[in-house]
Amino acid sequence: MKKTIGSIVKHIVLLVLAVIWLVPIIWLVVTSFSGYKGINTAHFFPTSWSMDNFVQLLTRPDSVVQYVSWFKNTLIIAVFTCIISTIFVIMVSYAMSCMRFNGRKQIMSASLILNMFPGPLLMIAIYFILKMLGLTNSHFGMIIVYSAGSGLGFLIMKGFMDTIPMSLKEAARLEGASEAKIFMKVILPLCKPIVVYQVISSFLIPWGDFVFAKLMLNSGVSKDWTVAIGLYNMLEKSLVNKYFSVFCAGGIVVAIPISILFVIMQKYYVEGVTGGSVKG
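This is how it looks when you write it as structure tokens:
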């Protein structure tokens with residue numbers, strides 16, 4: 149009886165949490181199809197339905213909505229950040245897991261300490277450094293910001309590489325394989341799940357970031373913004389009653405690529421997280 153009651157209580161709590169989590173998402177979706185442009189608090193579901201918000205978002209740019217440009221900017225920054233960050237993390241993880249050199253443990257300890265400091269603490273310093281280099285209001289500067297410190301996030305991938313038997317590496321060395329060949333032919337093919345995890349993680353950071361993007365892209369030229377900045381601008385008091393439904397449509401569109409990526413890569417993503425969390 150106690151187990152039954154406990155199970156019922158747990159499921160009720162989970163149901164309540166699921167409702168709390170799903171209601172805002174459902175409201176966002178249904179509002180994006182609303183025929184009313186502002187915030188309609190009188191009804192949860194729209195009284196009239198329309199696809200015009202998506203049409204305006206994608207085909208009718210104006211001084212406020214330039215979604216296609218924002219999406220392109222965000223995609224360029226996210227793709228290049230993803231590639232550079234993944235390469236950095238793979239290289240650092242391989243060095244820390246498969247190679248032995250003086251100062252290795254000290255470097256790992258220093259990396260752990262640096263990872264304890266939250267990124268926003270560095271915002272002002274990073275901004276002034278990029279300003280001196282003339283890289284503010286630049287997509288190249290944004291890519292540098294997102295990619296530069298990515299190598300410090302090597303711990304999960306290192307944990308995955310630690311599970312690969314040393315005998316494989318030693319056998320390859322006995323066959324005369326160089327360090328680069330061992331990395332490319334032995335280690336990297338076995339690290340497919342954790343590489344997928346790293347690719348998704350590296351892509352998500354710039355894709356949904358607002359704080360760093362708002363700080364760096366502050367020129368006021370809307371066509372240079374990312375999606376996060378552009379959508380936030382629609383929520384200004386003078387604009388929200390004209391563009392809130394368009395804002396909701398933009399939120400739906402920006403979620404589609406990453407949702408598809410998660411569905412396709414879900415198997416490898418889970419394997420990468422579980423395999424890299426502990427050393428086997």
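So that you can map any letter, position 208 of the sequence shown is 356 in this note's numbering, and since no number is skipped, the others follow by simple counting. Beta carbons are placed, not taken as given, at the ideal position from N, Cα and C, and that holds for glycine.
T234 and V343 do touch by the CB rule: their CB atoms are close to 7 Å apart, below 8 Å. Minimum Cα-Cα distance from C230 among the listed residues L352, Y275, D310 and N285 corresponds to L352. Counting the other Cβ atoms within 10 Å of the Cβ of W373 gives 16 or more, which makes it buried. Taking 8 Å as the cut-off, the Cβ atoms of K185 and K390 count as close. A straight-line Cα-Cα distance of about 9 Å links E327 and K317. A straight-line Cα-Cα distance of about 8 Å links I274 and V293. Secondary structure of W175 (DSSP, three-state): helix. For the pair Y215 and F331, the CB atoms are not nearer than the 8 Å cut-off. Shown here, W197 sits in a strand according to DSSP, grouped into three states.
At a Cβ-Cβ threshold of 8 Å, S298 and S350 count as neighbours. In the structure shown, the three-state DSSP call for S182 is strand.
For H287, the uninterrupted alpha helix (DSSP H) run begins and ends at H287 to A296, by DSSP. By the Cβ neighbour-count rule, G301 is buried, with 16 or more other Cβ atoms within 10 Å of its own. For M239, the enclosing alpha helix (DSSP H) starts and ends at Y215 to C246.
Of the other Cβ atoms in all chains shown, fewer than 16 fall within 10 Å of the Cβ of V171; this residue is therefore exposed.
By the Cβ criterion, the stretch 156 to 167 is not in contact with the stretch 366 to 380, since fewer than three pairs of Cβ atoms, one from each stretch, lie closer than 8 Å.
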